[in-house]
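Read the structure below first, then the notes.
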Amino acid sequence: MNYRNKEWRNSMRLTVDYNNMMKKFVGNDGFKDVDLNEMKEAAADAFDVVAENRGKGMMGWTELPYNQKEIVEDILATAKAVRRKFKYFVVLGIGGSALGPIAVFNALCHLHYNDLAPSKRKGPKFYVEDNVDPERMAALLDVIEPEKTCFNVITKSGATSETMTQYLVINDLLTKALGDKASENIIATTDHVKGNLIKLAKQNNYKTFYIPDGVGGRFSELCPVGLLPAAVLGLDIKAMLAGAAYMDGVCNKPSIAKNPALACAVLQVAAMKRGKNVGVMMPYADSLKLMSDWYCQLWAESLGKNVTLDGEPCNVGQTPVKSLGVTDQHSQVQLYTEGPFDKVVTFLSIKNYRTEVKIPHGCEDIPDVAFLGGHTMNELIAAENRATAYALAKAGRQNYTIWLPEVNEFTLGELMYLFELQTAYAGAMFNIDTFNQPGVEAGKQATYALLGKNGYEEKRKELESATAVEEKYIV
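Here the numbering used here is used: the first residue of the sequence shown is 176, the next is one more, and so on.
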């Protein structure tokens with residue numbers, strides 16, 4: 176992958192085709208040029224807000240493509256040692272600490288990676304434990320050998336109940352199996368100064384990577400949170416960062432016509448203002464299926480806010496929905512085509528898949544089947560993608576397509592950085608705090624109270640005094 180070559184980089188540029196957002200293509204529900212022109216000033220202001228705050232506060236993520244040279248070398252050396260020593264690599268985390276690593280794994284590794292023979296894999300078997308379902312933990316322990324497993328515990332605060340619960344379970348198993356050597360099987364990714372996990376890391380001499388200041392969980396994939404798991408899998412993390420830097424350069428103009436991330440933000444904000452409160456992310460590639468999960472957290476947690484930066488009530492946001500082409504043409508597209516006019520569909524489309532499968536001739540006496548012979552599965556999925564976009568447009572439903580020349584480390588870095596910029600621009604246009612998550616914190620506090628954590632006694636009293644359940648409403 177020659178990402179240092181300018182011609183190659185340009186050949187890998189993502190593009191955004193929003194013809195099907197326009198009135199000419201979808202009728203009265205679409206935008207006219209004048210509608211987007213009216214948003215030019217707001218778009219330029221949002222661009223300026225993001226540009227002026229680069230690297231400040233919770234926008235440290237903007238600098239990740241540029242400021243991690245030494246960290247990347249440490250990650251690569253550690254990953255090499257992990258591949259040499261361990262049979263399994265398990266991420267313990269939740270939210271951004273898990274969604275990014277699993278999305279990149281799914282996008283860039285063999286779709287049946289863990290089933291491959293060791294000689295056909297670049298790294299150890301890989302698992303991401305992003306829940307505290309007891310059955311899930313038991314199932315993991317049925318398929319790994321803890322003493323042959325490297326566990327990457329990821330939490331900035333070290334107070335994330337789910338992740339620290341996983342840590343307690345695993346650390347107990349490792350200590351019983353390995354004694355004083357248990358620490359060799361744990362890598363901590365956390366804050367460099369504050370929190371519980373950094374204390375534990377120092378006490379137990381864990382190998383440790385740090386989550387930079389100003390990088391929240393949902394914006395953390397391009398720091399050690401995501402780069403270490405990717406490197407362990409043998410992926411080219413330098414190419415991922417190069418792709419992000421390339422997209423940053425592409426998006427350096429305050430123009431909808433020239434900045435694809437700004438264009439996506441303007442289209443979605445304009446649609447939301449017309450009542451499009453559902454955003455469907457529909458990749459036409461199994462490799463990108465879990466990118467929808469990562470995007471859902473980024474979009475929902477960043478934009479779902481009830482107050483502006485000026486303290487005014489707003490209740491903004493758009494509900495992200497995961498879909499997969501072609502699979503969900505047979506489950507969801509009926510609703511998108513004929514249901515309420517409350518959705519925007521974003522297609523993630525691939526120009527060149529990484530393999531080609533030819534469809535053999537056969538069933539010549541069955542015309543409904545025989546016509547497929549001589550084509551490829553590549554042609555079929557591309558045709559279905561185009562047909563779905565056309566059918567939605569013909570039905571007056573807004574949709575647009577983000578085109579990836581192919582799926583690789585560079586283009587994935589581009590895509591993730593584009594989504595992060597899009598989210599930051601949209602938040603600026605709504606004049607909200609894009610980077611906090613008070614709604615999530617409220618649920619955490621209630622959980623702490625229910626489990627008897629010190630300092631949450633008043634919250635527990637509040638929960639206990641809540642309106643009692645009425646039997647008549649239970650069927």
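Yeah, the Cβ is synthetic: ideal placement off N, Cα and C, and Gly gets one too.
- Have a look at I525 and P580 and give me their C-alpha separation to the nearest angstrom. Stepping through the sequence shown from its first residue, residue 525 is reached at position 350. Stepping through the sequence shown from its first residue, residue 580 is reached at position 405. I525 and P580: Cα-Cα distance of roughly 6 Å.
- Message: Which same chain residues end up closer than 8 Å to K240 when comparing Cβ atoms and leaving out the 5 residues on each side of it in sequence?
- Response: Locating residue 240 in the sequence shown gives position 65, counting from the first residue. The question names Lys, but residue 240 in the sequence shown is Pro. L397, L416, A417, A419, A420, D423, G588, Y592, listed in sequence order.
- Using only alpha-carbon positions, find the residue among A217, V644, Q573, A438 that is nearest to E513. By one-based count along the sequence shown, residue 513 stands at place 338. The option with the nearest alpha carbon to E513 is Q573.
- Per DSSP, W578 is paired with what? Locating residue 578 in the sequence shown gives position 403, where the first residue counts as 1. DSSP lists T190, S524 as partners of W578.
- Query: L499: which of S477, V532, L523 sits nearest, CA to CA?
  - Reply: In the sequence shown, counting from the first residue as 1, residue 499 sits at position 324. Measuring from the Cα of L499, the nearest candidate turns out to be L523.
- Query: For N360, which residues of its own chain have a beta-carbon under 8 Å away from its beta-carbon, when the five flanking residues on both sides are left out?
  - Reply: The count along the sequence shown starts at 1 and reaches residue 360 at position 185. Shown here for N360: same chain residues with a beta carbon closer than 8 Å to its own, the five before and five after excluded, namely F261, P321, E322, T324, C325, F326, L349, L353 in chain order.
- Query: With burial defined as no fewer than 16 other Cβ atoms inside 10 Å of the residue's Cβ, what is the status of P276: buried or exposed?
  - Reply: Looking up residue 276 in the sequence shown gives position 101. In this structure P276 is buried. Its beta-carbon is surrounded by 16 or more other beta-carbon atoms within 10 angstroms.
- 3-residue-minimum beta strand (DSSP E) runs that sit fully inside the stretch 324 to 377, ordered along the chain: Fully enclosed beta strand (DSSP E) runs of 3 or longer: 324 to 329, 361 to 365.
- Query: My guess is that K135 and V453 are in contact by the Cβ rule of under 8 Å, so how many angstroms apart are they, rounded?
  - Reply: Lying before the first or after the last residue shown, residue 135 is absent from the chain, which here runs from 176 to 650.
- Which residues DSSP lists as bridging M591, in chain order: Along the sequence shown, one-based indexing puts residue 591 at 416. None, per the DSSP bridge assignment.
- For E182, does the three-state DSSP call read helix, strand or coil? Your numbering for residue 182 matches position 7 in the sequence shown. DSSP places E182 in helix when its eight states are reduced to three.
- Task: Please determine, among W578, T335, L211, L442, the residue with the shortest C-alpha to C-alpha distance to L463.
- Result: Position 288 of the sequence shown, counted from the start, is the residue given in the question as residue 463. Nearest neighbour of L463 by Cα position, chosen from W578, T335, L211, L442, turns out to be W578.
- Message: Using only the alpha-carbon positions, how far apart do A599 and L465 sit?
- Response: On the sequence shown, residue 599 is found 424 positions in, with the first residue counted as 1. On the sequence shown, residue 465 is found 290 positions in, with the first residue counted as 1. Distance between the alpha carbons of A599 and L465: 21 Å.
- Item | Cut-off 7 Å between Cβ atoms - residues of its own chain near P387, not counting five sequence neighbours on either side | Your numbering for residue 387 matches position 212 in the sequence shown. Correct list, in chain order: G235, C398.
- Task: On the DSSP bridge assignment, give the partners of G454 in chain order.
- Result: Here residue 454 is taken as the residue at index 279 of the sequence shown, counted from 1. G454 pairs with P495, V519.
- Message: Can you tell me whether C398 is helix, strand or coil according to DSSP?
- Response: To locate residue 398, count along the sequence shown from 1; it is residue 223. The answer is coil: DSSP assigns C398 none of H, G, I, E or B.
- Task: Below 6 Å CB to CB, which residues in the same chain sit around P299 once its five sequence neighbours on both sides are set aside?
- Result: Taking the sequence shown and counting its residues from 1, the one referred to as residue 299 is at position 124. Residues of the same chain with a CB within less than 6 Å of the CB of P299, apart from the 5 flanking positions on each side, are F261, K262, Y263, F264 in chain order.
- Where does N490 fall in DSSP's three states? On the sequence shown, position 315 is the one that residue 490 refers to. Strand at N490.
- Query: According to DSSP, is T253 helix, strand or coil?
  - Reply: Position 78 of the sequence shown holds residue 253. Residue state, collapsed to three classes: helix.
- Give the DSSP-derived three-state secondary structure of V441 in the structure shown. Here the question's residue 441 lines up with position 266 in the sequence shown. V441: helix per DSSP, three-state reduction.
- Query: Quick one: is E310 buried, meaning 16 or more other Cβ sit within 10 Å of its Cβ, or exposed?
  - Reply: As a first step, residue 310 is located in the sequence shown; it is residue number 135 there, counting from the start. When all chains shown are included, E310 counts as exposed.
- Query: First and last residue of the alpha helix (DSSP H) that includes E476?
  - Reply: For the purposes of this step, residue 476 is taken as residue 301 along the sequence shown, with counting starting at 1. Run containing E476: 466 to 478, per the alpha helix (DSSP H) assignment.
- Message: Using C-beta distances below 6 Å, list every residue in its chain close to G492, excluding the 5 sequence neighbours before and after it, in chain order.
- Response: Looking up residue 492 in the sequence shown gives position 317. Excluding residues within five positions, the ones whose Cβ falls inside 6 Å are L478, G479.
- Task: State yes or no: is the C-beta of A545 within less than 7 Å of the C-beta of E554?
- Result: Here residue 545 is taken as the residue at index 370 of the sequence shown, counted from 1. Here residue 554 is taken as the residue at index 379 of the sequence shown, counted from 1. No. Outside cutoff.
- Message: Going by C-alpha to C-alpha distance, which of I329, T237, W474 sits closest to I269?
- Response: Indexing the sequence shown from 1 puts residue 269 at position 94. Distances from the alpha-carbon of I269 to those of I329, T237, W474 put I329 closest.
- Task: Rank Y288, E245, A445 by C-alpha distance to the C-alpha of N672 and give the top, closest one.
- Result: Residue 672 cannot be examined here, being either before or after the span of the chain that is shown, 176 to 650.
- Message: Here's the rule I'm using: 16 or more other beta-carbon atoms within 10 Å means buried, otherwise exposed. How should W474 be labelled?
- Response: Residue numbering aside, residue 474 sits at position 299 when the sequence shown is read from its first letter. Flag for W474 reads buried.
- Length of the line joining the Cα atoms of G389 and M457: Mapped onto the sequence shown, residue 389 falls at position 214. Mapped onto the sequence shown, residue 457 falls at position 282. Between G389 and M457, the C-alpha separation is close to 30 Å.
- Pair within 7 Å by beta-carbon distance, A314 and M604: By 1-based counting over the sequence shown, the position of residue 314 is 139. By 1-based counting over the sequence shown, the position of residue 604 is 429. In this structure, M604 does not lie closer than 7 Å to A314 by Cβ.
- Message: Less than 7 Å between the C-beta atoms of E584 and D411, yes or no?
- Response: Working through the sequence shown from its first residue, we reach residue 584 at position 409. Working through the sequence shown from its first residue, we reach residue 411 at position 236. With contacts defined by Cβ atoms closer than 7 Å, E584 and D411 form a contacting pair.
- How would you call P435, buried or exposed, if buried means at least 16 neighbouring beta carbons within 10 angstroms? Counted from its first residue, the sequence shown places residue 435 at position 260. Answer is buried; the Cβ neighbour count reaches 16.
- L267: first and last residue of the uninterrupted beta strand (DSSP E) it sits in: Residue numbering aside, residue 267 sits at position 92 when the sequence shown is read from its first letter. Run containing L267: 263 to 267, per the beta strand (DSSP E) assignment.
- Query: Do L596 and C471 come within 7 Å of each other at the CB atom, strictly closer than that value?
  - Reply: Numbered from its first residue, the sequence shown carries residue 471 at position 296. Numbered from its first residue, the sequence shown carries residue 596 at position 421. No. Outside cutoff.
- Query: Based on the DSSP secondary-structure assignment, which residues constitute the bridge partners of F384?
  - Reply: Your numbering for residue 384 matches position 209 in the sequence shown. F384 pairs with T364.
- Message: Quick check on this structure: which residue in R179, F384, N289 has the alpha carbon closest to the alpha carbon of D249?
- Response: Within the sequence shown, numbered from 1, the residue matching residue 249 stands at position 74. For D249, the closest C-alpha among the options R179, F384, N289 is that of F384.
- Would you mind sorting A218 into buried or exposed? The rule is 16 or more other CB atoms within 10 Å of its CB. The residue you call residue 218 lines up with position 43 of the sequence shown. Label assigned to A218: buried.
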